[in-house]
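Remarks on the structure that follows.
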Amino acid sequence: MAELSYRDAIRSTLIEEMDRDPSIVLLGEDIGVYQGTFRITADLLARYGAKRVIDTPISEAGFVGAAIGMAMLGLRPVVEVMTWNFSLVAFDQIINNAAKVRYFSGGQVDVPLVIRGPNGAGVQLSAQHSQSVEAFYAHVPGLRVATPATPAEAKGLLRTAMRGRDPVIFLEHAALYSHKGDVPDGDFALPFGAAEIARPGRDVTIVAYSRMVSVALEAADHLAEDGIAAEVINLRTLRPLDHRTMIESVSRTHRAVVVQEQWRPFGAAAEIAATITEGAFDLLDAPVERVTGADVPMPYARNLEQLVLPHAEDVVRAARRTLYREESKSGAPMTEGRRDG
Amino acid sequence: MAELSYRDAIRSTLIEEMDRDPSIVLLGEDIGVYQGTFRITADLLARYGAKRVIDTPISEAGFVGAAIGMAMLGLRPVVEVMTWNFSLVAFDQIINNAAKVRYFSGGQVDVPLVIRGPNGAGVQLSAQHSQSVEAFYAHVPGLRVATPATPAEAKGLLRTAMRGRDPVIFLEHAALYSHKGDVPDGDFALPFGAAEIARPGRDVTIVAYSRMVSVALEAADHLAEDGIAAEVINLRTLRPLDHRTMIESVSRTHRAVVVQEQWRPFGAAAEIAATITEGAFDLLDAPVERVTGADVPMPYARNLEQLVLPHAEDVVRAARRTLYREESKSGAPMTEGRRDG
Amino acid sequence: MANRTARKDTPREPGGVASAASPLQAAALSSTLAWYRTMVIARRFEEETERAFRRGKIGGYLHVYSGQEAVAAGFLAELRDDDIFFTAYRDHTHAIFRGAAPGAVMAELYGKSTGLARGKGGSMHMFDVSRGFYGGYGIVGGHIPLAVGAAYALRYHGTDRVCLVFLGDGAMNTGVFHESFNLAGLWGKEGLCPLVIVVENNEYGMGTSVARASAVIDLASRFSGYAIPNERVDGMDFMTVREAAARAIAQARSTGHPMAIEAHTYRFAGHGAADVFQPYRSKNEIEDARARDPVVILEQRLRGTGLLDETRVAAIHEEAEHIVADAVRFAEESPPPPPEDLYADVYGDEG
Amino acid sequence: MANRTARKDTPREPGGVASAASPLQAAALSSTLAWYRTMVIARRFEEETERAFRRGKIGGYLHVYSGQEAVAAGFLAELRDDDIFFTAYRDHTHAIFRGAAPGAVMAELYGKSTGLARGKGGSMHMFDVSRGFYGGYGIVGGHIPLAVGAAYALRYHGTDRVCLVFLGDGAMNTGVFHESFNLAGLWGKEGLCPLVIVVENNEYGMGTSVARASAVIDLASRFSGYAIPNERVDGMDFMTVREAAARAIAQARSTGHPMAIEAHTYRFAGHGAADVFQPYRSKNEIEDARARDPVVILEQRLRGTGLLDETRVAAIHEEAEHIVADAVRFAEESPPPPPEDLYADVYGDEG
Ligand SMILES: Cc1ncc(C[n+]2csc(CCOP(=O)(O)OP(=O)(O)O)c2C)c(N)n1
Ligand SMILES: Cc1ncc(C[n+]2csc(CCOP(=O)(O)OP(=O)(O)O)c2C)c(N)n1
Ligand SMILES: [Mg+2]
Ligand SMILES: [Mg+2]
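Residue numbers (numbering that gives the first Met the number 0), protein chains in the order written: chain C, 0 to 340; chain W, 0 to 340; chain S, 0 to 350; chain L, 0 to 350.
This is how it looks when you write it as structure tokens:
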């Protein structure tokens, strides 16, 4: 057990796996000479050489596609997208090639590809650079989607991703890179599709992933002061999605809140809420509440950005609503209506 | 009132609006000399000339982006994507420019852009050419998403789209182009965000859009033989999404089924089901059922493709489950588990 | 570091099921006569697919290669057994030229479990990885970067294998074309991209001529923007293509640097089976092009050398009839994929 | 069909609020001296933004233009008032050169409601549509097709206005670069694309040099692949740039065909405020580049012509201090956007 930052957990996993498996190569913009915009790949060029740590031009579709071809030919590429926003120019390669080629080839190829990088918002990068892309990718069969919330998960899920046979969308959160936490030593790996109960509780279940897990835990603290014992579920991966853990929890708490950073309509929280409702309808004492980011392109101004992002107080209010300790949002405020465009 | 095919409803609307407004231009692959792969634009090159009917190279990001620029400078471009699958190479242009530029410019520009073309599956085009993209686009603020199910809607919604100030994702369904139906004459337009009750009923609400509306209506017929009066809601647009009509219906029927062609996880039906549950939780006698396509890339073989797509019988069974006339899927079959990757 | 694998005498059938035998087993690949014979078979095969499409036996899109045979033949004739290649969706003929059983190709078009992709892919997605065919792809230009990365991987593994990528003139206007070949040019400088690029310039992307789709019509010249050596050849003459292919493949193999060849050819049929009226080109234009039929051109060359005569030609055509008929029968009689296949091969790892 | 609009004497302030006056109102744009003065102001402005960023007054990314001033100045000096332009995210200076009040630009960086984009955009998204500045964009290459379509629209409306697009060397490796300029080349053949393309080649895309990012280093030559006339100029000399700009803009205006100019320049500061160590280049390299500071080069030229002397230069620098100080004060004192602004301008239509 060692204390590592989320950043170092990722970096050390890359090193451990690259030392162990020469078929692993890294590709991305400014991951080598520049040492990586978030320094995840610092010193790796010197350590492994230019053949294994490949600085690319600004050509996401090109190098993501090339990585798919490498993966089909026996390499294990790990692509860094400088931020997930830029993956949108490679969207077709990820959706139409990486996710599907195994299937439409009748199972003739493996695509052991990991695409990783920072996802999400929070540091005033404005509309084009503040997206959370999980709802796009988790919709697509053939992909796996990981959303680590802690350093230990970053290591454990990345190792599993790097040893698998399928393309993995590995969504780190920029705001978590400096967070520290205990990380098991050695060959520690975490399975996909297995959520964690981050905090046990009997009164209400709060489901979150990535950075929103800390928001959920903060909310749980506030609720505790109020005598409300919230159970916090950290999903860890969205595809596969762990139905069982959620349903089992809700069958005890009879209430659920789902927290998501991105736009509400057609967002990830909708799938999670629908899944819980389908699996535990008769056990629910209140509708599953969704706490999400505002349905607007991310504004630059700090005060507006803070209005967009979900905060612990929002989660607390939602949890209290499920317990009927707060009046509901019925007769939704003007902004609600506008939320759906 | 005239009887028109879905195809002719779209084509005649383009002509009516182009005759009326010289700022409208069409762009797309093979829409001119080739007359359009689905002949929507047949003869329009001869009628309006090459300056208004622009044949493009295979450069979706380029010409969608160019159309955004045209829209910012006072033109009203209507882009045809040969199929929506190809919009994925223009995804960044649509998400990061078309949807957001009004916002991050502080409201200094309009983007009166319509992107239209066939969406969905059904004719053995296999994995790369059989996608329904609505969940991707309906997630994004700044976009409007229309999903006409009938010739009248094709005309009424397209006219509204072509007269608006915002980018519209206009999702036609290839399998509907030859469908005929009555279309009001003259300046007929339909508002966005206003769903239609395609068939009234008191026992269960079936919510659908695009081609799945006919599947829902077929199911309603079968259910009727069984003494079950299903109300069918045709959403018409997904963004904005008409909450009121759905909630109002469910408050009468106390049961709902949502039908969607595409992959279940993180699909459009999740948002619809979550919205209904949030708005009518106490009125629901059963969990909202989702009937969706199988969670696999679309296979080519006809027998497998038919297994993927939702059919009326699936909707009937789901409706009967909400009425507890069919045992539930609990202890979900093996395929269910695999559905979520 | 050479890593030659001898062509397997009895190649394993796709999907591991029995099917009609491959025509390529009958004669040594190197022989021009064998290639003439294979081109005749491929042409007959494509004509048959169009018939089957009209009869509703084949669904989806169907893009045939008739008229362009000399391009794929010339290059695949020079490709080593352990080399690999990628194509767009106009891919039936490439599969047959590489040694896939026509029955397995036809079965794929019929959506049968014995198909080259087990019925999952159809016309646009032929795959025969056991023979180095890494697939046909349907998004125009979308397969290009895969080939660039595949070439890198071949060198990374320390082999002298090369990768070939076939693409159309229309694909040259896609963004991914530009990004991919800039990468190829960069990696080639390090000797890490043994890639041969084959532009199948058949003058049209669907209904749009090269001149209406590309700001420059000398397509090969665009590769200069990526420091990739390039030349233009007559794609209707098998011998010419094969010579150029030999040079390009040898170059790429020895240098690890990409080479590009634009083969000028013509599509005799419509873009796809749905392209009936072809308003974008004249009957005359098609007639003129057919006057330079690559199969006929090769036939005449061989008659010239005495390797072919009337009776031999007739025999080859008759044999082609039988092979294609067998392929159709095999496809007809093969079972559709079992329902369990629906969820097979979505993932390689367990749930 | 000329459609000249006189420069408004008191341009409306962005967001319609009062702010520090624009430095460009003081002198006729045509005067080289005025441009020297404006370049001095822009340089001081950028230095101030870096200070403010370190003080936590500015959030997000911050990309300054120091060292590249002669490029934007040379082109914008030749742009007519009714012409338009698009840029990437390194856009503060372009906004100031076009006449935006430094206070409004600084207020945008501070995320205030008086900002050039009402505080919605920040450093990467300066917009001043009233002056034909159609914005700064953050996705590399993403703005290029917008400019191509905008140019088409200008001609479609029957005007002789032109569109300028600034892009970086790194943007030349994006797919959308290729797709967009192929379209521009095609539309230009019809006289429907009055576009001037300005490549701001500052030798690096973030930490990646042109030679490591592009298979060819003669970037201008790539435009030949789209039949777009192109030339390369010294981007450090305002006079040289301005001459080339005059030619290119006149050409595009008269022919409706795109023209491309690669201006060779250098970025004095890090890529962004976070790029402190700059491991990708040496101190010496930066020193050498600073020896050809575009502001100093223009100063020396003007001293040579007697238009400038010691006292005049000192006065201009002092004035710049005041203007930038006023801009900062204006930004500091401006209010943040009101909460209601959150849902404003998501859509243009109701509901
Ligand atoms: C990105 C994308 N856009 C559009 C299409 C539709 N489409 C299929 S084939 C084709 C023409 C391709 O022409 P070319 O590359 O010359 O190949 P050819 O068909 O001539 O062999 C088009 C536009 C597609 N498949 N992918
Ligand atoms: C598609 C995309 N990929 C990556 C980035 C991250 N990024 C921002 S600026 C930049 C370098 C751009 O270099 P260049 O075009 O030369 O412009 P310069 O910064 O030198 O002015 C990169 C890689 C981005 N914004 N967009
Ligand atoms: Mg072609
Ligand atoms: Mg640069």
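Every residue gets a Cβ at the ideal spot worked out from N, C-alpha and C, and that includes glycine.
Per DSSP, the unbroken beta strand (DSSP E) holding LEU170/C starts and ends at 167–172. By the neighbour-count definition (other C-beta atoms within 10 Å, threshold 16), TYR109/L is a buried residue.
Looking at the DSSP output, LYS179/W shares a beta bridge with SER4/W. PRO296/C has a beta carbon lying within less than 8 Å of a beta carbon in chain W. Within 10 angstroms of the beta-carbon of ASP217/S lie fewer than 16 other beta-carbons, which makes it exposed. Shortest gap from the CB of ILE168/C to any heavy atom of ligand 1: 7 Å or more. Listed by position along the chain, the residues with Cβ atoms less than 6 Å from a non-hydrogen atom of ligand 3 are GLY167/S, ASP168/S, GLY169/S, ASN201/S, TYR203/S and GLY204/S. For CYS162/S, the pairing in a beta bridge is given by DSSP as ILE83/S and LEU194/S. PRO150/C carries a helical assignment under DSSP once its states are collapsed to helix, strand and coil. In this structure, ILE9/C has its beta carbon at no less than 7 Å from each heavy atom of ligand 2.
Assignment of MET211/C by DSSP, reduced to helix, strand and coil, places it in the helix class.
Contact between ILE57/S and SER122/S is confirmed by a C-beta separation of about 7 Å, below the 8 Å threshold. Uninterrupted alpha helix (DSSP H) stretches at least 4 residues long and entirely within the region 86–136 of chain S occur at 91–96 and 101–108, given in chain order. Rounded to whole angstroms, the gap between the alpha carbons of ARG328/L and LEU26/W is 48 Å. At the C-beta level, PRO101/S and ALA288/S stay beyond 8 Å of one another. Interface flag for ALA229/W against chain C is unset, since no Cβ pair is found closer than 8 Å. For LYS119/L, the nearest beta carbon of chain C is closer than 8 Å to its own beta carbon.
Straight-line measurement puts the Cα of ALA173/C at about 19 Å from the Cα of GLU2/C.
Residue PRO166/C holds the alpha-carbon nearest to the alpha-carbon of PRO239/C among THR321/C, PRO166/C and GLY68/C. The three-state secondary structure of GLY116/C, taken from DSSP, is strand.
Between ligand 2 and the CB of ARG89/L, the shortest heavy atom gap is smaller than 7 Å. A distance of 8 Å or more separates the beta carbons of ALA313/S and GLY73/S. Listed along chain L, the residues sitting closer than 7 Å to TYR299/C by beta-carbon distance are GLY59, GLY110, GLY118, LYS119, GLY120 and GLY121.
Using a Cβ distance threshold of 8 Å, ASN95/C and GLY141/S count as a contacting pair.
Contact between ASP181/C and THR252/C is absent: CB atoms are separated by about 27 Å, not below the 8 Å threshold.
Taking CB atoms only, ALA214/L has a neighbour in chain S less than 8 Å away. For the beta strand (DSSP E) assignment, the uninterrupted runs of no fewer than 3 residues enclosed by the region 163–236 of chain L are, from N- to C-terminal side, 194–200 and 229–233.
In the three-state reduction of the DSSP assignment, ASP220/W falls in the helix class, which pools H, G and I. Taking a contact as a CB-CB distance under 8 Å, the pair VAL231/W and ALA279/W does not count as one, their CB atoms being some 17 Å apart. Annotation for GLU28/W indicates a beta carbon within 7 Å of some heavy atom of ligand 1. As the crow flies, the alpha-carbon of SER22/C is around 29 Å from that of SER209/C.
Listed as beta-bridge partners of ALA262/S by DSSP are GLU199/S and VAL232/S. Counting only Cβ-Cβ distances below 9 Å, HIS124/L has contacts in chain W at VAL100, PHE103, SER104 and GLY105, in chain order. Per the DSSP secondary-structure output, THR204/W pairs in a beta bridge with GLU230/W and ALA255/W. One Cα belongs to ARG241/L, the other to PHE165/S, and the distance between them is close to 45 Å.
By the rule that beta-carbons nearer than 8 Å mark a contact, HIS138/C touches chain W.
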